[in-house]
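K.L.:
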Amino acid sequence: MAAKLKKGDTVIVLTGKDKGKTGEIVSVDPKAGKAVVDGVNTAIRHTRQTQNSQGGRVPKALPLDLSNLAFVDANGKATRVGFRMEGDKKVRFAKTTGDVIDA
1 MAAKLKKGDT
11 VIVLTGKDKG
21 KTGEIVSVDP
31 KAGKAVVDGV
41 NTAIRHTRQT
51 QNSQGGRVPK
61 ALPLDLSNLA
71 FVDANGKATR
81 VGFRMEGDKK
91 VRFAKTTGDV
101 IDA
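Residue numbers (the UniProt record's numbering): 1 to 103.
(1) For Asp-38, decide whether its Cβ has a neighbour in chain D, counting only Cβ atoms nearer than 7 Å.
(2) Would the region 23–40 count as touching the region 61–81 if we require 3 or more Cβ pairs under 8 Å?
(3) Can Lys-95 and Arg-80 be called in contact, C-beta distance under 7 Å?
(4) Is DSSP giving Ser-53 helix, strand or coil here?
(5) Following the continuous beta strand (DSSP E) through Ala-70, name the residue where it begins and the one where it ends.
(6) Using DSSP's beta-bridge definition, name the partner residues of Asp-29.
(7) Indicate the three-state DSSP secondary structure (helix, strand or coil) for Leu-5 in the structure shown.
(8) Can you look up Leu-62 in the DSSP assignment and give me helix, strand or coil?
(9) If I'm right that Ala-32 touches Leu-5 with Cβ under 8 Å, what's the distance once you round it to whole angstroms?
(10) Mind checking who Val-91 pairs with in its DSSP beta bridge?
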């Protein structure tokens, strides 16, 4: 199935402790159905000091399920994503406004 949410999309969290927060998708794991969103669902990870890094308590963004994320349209509201053909190209569009996401 084609990816409705991709890396670089701005999304809003629909459920959980970070409900209502927005952020940009950093990475997507389609096989597991999860995505990492910048600044959302963070946990403190204790890391050992190395030659390159200081170590200590480092905040790390953990993956969220794709079903708990919604694309943010041009109006700043959550929307579902659909697909349609424009000419001979398949494009994603926002269901609320009808605007094409991929330019």
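We put the beta carbon where it would ideally sit given N, CA and C, even for glycine.
P.N.:
To lay it out plainly:
(1) Reference to chain D is not applicable here, since this structure consists of a single protein chain.
(2) yes
(3) Within the sequence shown, numbered from 1, the residue matching residue 95 stands at position 95. Within the sequence shown, numbered from 1, the residue matching residue 80 stands at position 80. Yes, Cβ-Cβ distance for Lys-95 and Arg-80 is below 7 Å.
(4) For the purposes of this step, residue 53 is taken as residue 53 along the sequence shown, with counting starting at 1. Correct three-state label for Ser-53: coil.
(5) The sequence position of residue 70 within the sequence shown is 70, counting from 1. Counting along the chain, the beta strand (DSSP E) containing Ala-70 begins and ends at 69–72.
(6) In the sequence shown, residue 29 corresponds to position 29, counting from 1. Note: Asp-29 sits in a beta bridge opposite Lys-34.
(7) Here residue 5 refers to the residue found at position 5 when the sequence shown is read from its first residue. Three-state result, Leu-5: coil.
(8) Taking the first residue of the sequence shown as 1, we reach residue 62 at position 62. The answer is coil: DSSP assigns Leu-62 none of H, G, I, E or B.
(9) As a working note, residue 32 is residue 32 in the sequence shown. As a working note, residue 5 is residue 5 in the sequence shown. Contact flag wrong, Cβ pair sits at about 13 Å.
(10) Here residue 91 is taken as the residue at index 91 of the sequence shown, counted from 1. Per DSSP, Arg-84.
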